[in-house]
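To start, the structure under review is shown below, and the notes come after it.
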């Protein structure tokens with residue numbers, strides 16, 4: 001056997017022996033000492049603790065004993081101590097006499113009250129002016145209706161001017177040489193014209209204010225000012241003529257304006273026909289889309305659907321290029337891929353515009369997912385779509 005095994009066996013044997021015979025050598029517990037007590041009341045305790053006097057006889061204990069011996073003579077009572085004399089009270093200090101009160105000052109006569117100024121009647125408060133509500137939307141400037149249409153707008157000529165094709169200034173009349181009667185050049189101006197054809201629908205209807213301003217009342221206490229006397233008009237001094245024999249030339253009567261010929265009516269008719277034809281050289285105007293227009297929410301939803309798949313390369317030149325893309329839509333909301341075309345570009349070179357167009361084309365085709373969510377009853381409104389892809393609005 002190994003040494004460690006023997007040591008372990010010996011230790012275990014000692015522990016087992018201690019558990020078996022360990023209680024034999026334990027000492028006995030000490031015995032408890034008990035003392036008897038008696039209960040007494042508070043009065044009995046006070047009588048026991050009170051000091052006994054010589055005059056009071058001591059109570060005899062009631063015990064069964066043999067006949068008591070002869071009583072011993074009572075001891076003489078101890079002399080009571082003489083009471084100490086009470087100390088004499090000390091005299092209280094005399095209070096100091098109070099100082100005599102100061103004499104009251106003689107009352108001065110009250111000053112006479114100043115007469116109150118007469119109240120000046122205040123002018124009546126001005127009445128508050130009613131608020132005039134201005135229209136929230138500023139009216140769009142409408143050109144003034146005129147009988148003649150021209151590339152440039154011409155203001156209304158003065159009533160003294162004669163209508164002509166060219167504009168001329170009136171010659172100033174020389175006052176110093178009245179002898180020479182020259183023919184005065186009359187002022188001419190072109191006929192009033194406008195750049196647009198004004199119809200009755202374009203004319204702004206007359207607007208009346210919602211509330212009129214009440215005139216302010218004049219204060220009653222304001223004295224009317226005397227009107228100044230009119231001064232006598234000075235008589236004009238007679239002008240000296242260069243020759244007394246020569247009479248002053250009479251002004252020639254202004255010629256009446258010539259009646260307008262049919263050229264103006266023909267020009268107006270041609271302008272109306274050109275506006276209706278849309279500038280196409282007499283071609284019939286294309287009919288616009290019919291049906292109710294798309295709401296802002298429907299247009300915004302279509303734009304967000306395309307923007308989800310639009311990827312812009314920030315580091316390239318195409319990030320600064322804006323392209324406008326046109327396309328044709330099918331009634332089911334899908335895009336005709338062959339109809340996607342670039343209508344125009346702004347910023348960047350031609351290669352950058354082509355890269356931006358290809359990114360926009362991929363976004364349109366990738367995000368349709370079986371067709372964009374557009375109202376079927378408004379197909380004529382979104383059959384042809386133009387979208388502008390501006391990368392600066394995505395930053």
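Residue numbers (UniProt numbering): 1 to 395. We put the beta carbon where it would ideally sit given N, CA and C, even for glycine.
beta-carbon residue i near the ligand GTP non-hydrogen atom, thresh 7 Å
{"i": "residue 301", "result": "Because no ligand of any kind appears in the structure shown, any question about the ligand GTP cannot be addressed here."}
Residue environment, residue i, which counts as buried when at least 16 other CB atoms sit within 10 Å
{"i": "residue 50", "result": "exposed"}
{"i": "residue 315", "result": "exposed"}
{"i": "residue 35", "result": "exposed"}
{"i": "residue 333", "result": "buried"}
{"i": "residue 325", "result": "buried"}
{"i": "residue 22", "result": "exposed"}
{"i": "residue 344", "result": "exposed"}
{"i": "residue 48", "result": "exposed"}
{"i": "residue 389", "result": "buried"}
{"i": "residue 335", "result": "buried"}
{"i": "residue 357", "result": "buried"}
{"i": "residue 108", "result": "exposed"}
Neighbourhood of residue i by C-beta, 7 Å cutoff - its chain only, sequence neighbours within 5 removed
{"i": "residue 319", "result": "312, 313, 391"}
{"i": "residue 339", "result": "327, 328"}
Straight-line Cα distance separating residue j from residue i
{"i": "residue 297", "j": "residue 373", "result": "12 Å"}
{"i": "residue 136", "j": "residue 371", "result": "Residue confidence for residue 136 is low, a pLDDT of 49 falling below 50, so the modelled location carries little weight and cannot support an answer."}
{"i": "residue 8", "j": "residue 28", "result": "34 Å"}
{"i": "residue 322", "j": "residue 376", "result": "30 Å"}
{"i": "residue 10", "j": "residue 33", "result": "45 Å"}
{"i": "residue 14", "j": "residue 25", "result": "16 Å"}
{"i": "residue 39", "j": "residue 45", "result": "10 Å"}
{"i": "residue 337", "j": "residue 386", "result": "14 Å"}
{"i": "residue 221", "j": "residue 114", "result": "Residue placement at residue 221 is poorly supported in this model, since its pLDDT is 47, which falls under 50; the coordinates still yield a value, given next. Taking the straight line joining both Cα atoms gives about 28 Å."}
{"i": "residue 346", "j": "residue 378", "result": "31 Å"}
{"i": "residue 299", "j": "residue 359", "result": "21 Å"}
{"i": "residue 4", "j": "residue 16", "result": "19 Å"}
{"i": "residue 41", "j": "residue 31", "result": "32 Å"}
Opening and closing residue of the beta strand (DSSP E) in which residue i lies
{"i": "residue 341", "result": "341-346"}
{"i": "residue 325", "result": "322-328"}
{"i": "residue 114", "result": "Residue 114 -> no beta strand (DSSP E), and no H or E assigned at all."}
Residue i - containing alpha helix (DSSP H), residue span
{"i": "residue 32", "result": "Run containing residue 32: none; DSSP gives neither H nor E here."}
{"i": "residue 354", "result": "350-366"}
{"i": "residue 49", "result": "42-49"}
{"i": "residue 380", "result": "379-382"}
Residues of its chain near residue i, where Cβ-Cβ distance is below 6 Å and the 5 sequence neighbours each way are ignored
{"i": "residue 317", "result": "348, 352"}
{"i": "residue 355", "result": "318"}
Minimum Cβ-Cβ distance from residue i to chain B less than 8 Å
{"i": "residue 344", "result": "Judged by its chain identifiers, the structure shown contains no chain B, having just a single protein chain."}
Q: Take every Cβ of the region 299-319, pair it with every Cβ of the region 360-378, and state whether three or more of those distances are shorter than 8 Å.
A: At 8 Å Cβ cutoff, the stretches touch.
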